[in-house]
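See structure below.
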Amino acid sequence: MNVEVFQLTKSFGTDEVLKGIDLNFQTGQVYGLVGQNGAGKTTLFNCLAGLETHGGNVIAEGGRLKDRLGFLQTEPYFPSRLTGREYLRLFCKARGVPDEGLDTQNVFDLPLDRYAQQYSTGMKKKLGLLAVLLQRNEFFILDEPFNGVDIHSALLITEIIQRLKNEKKTVLISSHIFSTLKDTCDIIHVLDGGNITEIIGKDDFERLERDMAAFAIGNRLDAIRF
Numbered sequence: 001m002n003v004e005v006f007q008l009t010k011s012f013g014t015d016e017v018l019k020g021i022d023l024n025f026q027t028g029q030v031y032g033l034v035g036q037n038g039a040g041k042t043t044l045f046n047c048l049a050g051l052e053t054h055g056g057n058v059i060a061e062g063g064r065l066k067d068r069l070g071f072l073q074t075e076p077y078f079p080s081r082l083t084g085r086e087y088l089r090l091f092c093k094a095r096g097v098p099d100e101g102l103d104t105q106n107v108f109d110l111p112l113d114r115y116a117q118q119y120s121t122g123m124k125k126k127l128g129l130l131a132v133l134l135q136r137n138e139f140f141i142l143d144e145p146f147n148g149v150d151i152h153s154a155l156l157i158t159e160i161i162q163r164l165k166n167e168k169k170t171v172l173i174s175s176h177i178f179s180t181l182k183d184t185c186d187i188i189h190v191l192d193g194g195n196i197t198e199i200i201g202k203d204d205f206e207r208l209e210r211d212m213a214a215f216a217i218g219n220r221l222d223a224i225r226f
């Protein structure tokens, strides 16, 4: 699913968070988004998902993006007194897809008959991901999908992203763990100061990682006596 973003802007009062973002997402590609805390990554995702009003345009092939979008938020919301199974059924109903075989498709071995609010952080993240996968969406935004999950689940999520790519889905990911982006992405966008400052292909991932490490670490540790 091809999606084009033209001059997307977003302000909160006098604080201009996004300053004319241009993006082009192509079918069957996995895109990464990196930036410091507060750079506007989640705000950009919310704008693309239709959860925030914004300036500019988001044009999706074949209709509105939000009608075919699976959005995994950093902290998915779970209504009280709703089991994992009921949560999955709710998401299936929202897209008009069958909700049979939930136990078979429960690839994370989640306790579906427990209340979702009782899940750990990692379990909630896995339930949220499974819910948007079951909807059979065409475009996926995954905001920190590896946050809080165990190493086995992280490997499974990496494979899920590869399967989505193979099925010609379009995927946009943010992650604070750069190795997960290297393992999954075709292109990485750098968001800084409200603008996309770099668009990096696979050949330059190593260079980007070195630049990010140099910026993050620099000579800061010289101040600590180990």
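Per the UniProt record's numbering, the very first residue in the sequence shown carries number 1; after that it's consecutive. Using N, Cα and C, we set each Cβ at its ideal position, and we do this for glycine too. Only a predicted model underlies this, so the values are computations on that prediction, with no experimental measurement involved.
For a quick check, are the C-beta atoms of Asp-186 and Tyr-31 less than 8 angstroms apart? yes
Figure out for me which residue from Asp-109, Arg-81, Gly-193, His-176 has the closest Cα to the Cα of Ala-213. His-176
Boundaries of the alpha helix (DSSP H) in which Ser-179 is found, first to last residue: 178-184
Rounded to whole angstroms, how far is the Cβ of Lys-124 from the Cβ of Phe-78, which I believe are closer than 8 angstroms? 7 angstroms
With 16 other Cβ atoms within 10 Å as the buried cut-off, status of Ala-131: buried
Provide the residue(s) that pair with His-189 in DSSP beta bridges, ordered along the chain. Leu-33, Ile-199
For the alpha helix (DSSP H) that contains Val-132, what are its first and last residues? 121-134
Give the secondary structure of Asn-166 by DSSP, where H, G and I count as helix, E and B as strand, and everything else as coil. helix
Candidates Asn-2, Leu-18, Leu-164, Gln-135, of which the one nearest Thr-9 by Cα: Leu-18
Select from Arg-81, Glu-138, Phe-71, Ile-160 the residue whose C-alpha is nearest the C-alpha of Glu-61. Glu-138
Does Phe-12 pass the burial test, meaning 16 or more other C-beta atoms within 10 Å, or should it be called exposed? exposed
Assumed close pair Leu-33, Leu-72 - CB separation to whole angstroms, cut-off 8 angstroms: Not confirmed; about 13 angstroms, so no contact.
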